[in-house]
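Numbering (our numbering), first residue to last: 0 to 124.
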């Protein structure tokens with residue numbers, strides 16, 4: 000049998016301001032941390048006389064439980080502006096940046112950075 004323990008911690012802060020009647024500016028800061036692991040894993044691949052087809056990877060290892068460990072953090076910052084050009088027309092731009100730190104990469108290493116810029120036009124009915 001096996002169990003699974005996990006935890007998530009998050010913190011967020013945002014600010015929004017209207018420097019003019021037609022302009023809105025905003026910014027957000029977020030921090031997320033997650034960890035998870037298999038517990039009480041009772042499997043011994045050595046109990047089998049022959050290797051099972053398709054199960055020759057982690058299942059045949061005494062360290063399979065450690066493969067499941069997850070521990071990563073994410074820090075994200077975004078900011079932007081909405082500008083009302085006319086009564087129904089709004090132009091907007093947003094910048095989004097995140098930094099990921101994977102302390103125990105396994106199948107997917109999520110360490111890295113992410114940067115995205117959005118631009119758009121909104122028509123209000």
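No residue lacks a Cβ here, since even glycine has one placed at the ideal position from N, Cα and C. Since this is a predicted model, take the numbers as computed values, not measurements.
- Per DSSP, residue 81 is one residue of the beta strand (DSSP E) stretching across 69-83.
- The C-beta distance from residue 96 to residue 75 rounds to 7 Å, short enough to fall under 8 Å.
- Approximately 7 Å separates the beta-carbon atoms of residue 120 and residue 88; this is inside 8 Å, confirming the contact.
- Shown here for residue 9: same chain residues with a beta carbon closer than 8 Å to its own, the five before and five after excluded, namely 29, 30, 31 and 32 in chain order.
- Contact between residue 79 and residue 91 holds: CB atoms are separated by about 6 Å, below the 8 Å threshold.
- For the 9 Å CB-CB criterion, residue 77 and residue 23 do not form a contact.
- About 36 Å separates the beta carbon of residue 26 from that of residue 3, a gap too long to meet the 8 Å contact definition.
- Nearest in C-alpha terms to residue 86, of all of 102, 16, 124 and 13, is 124.
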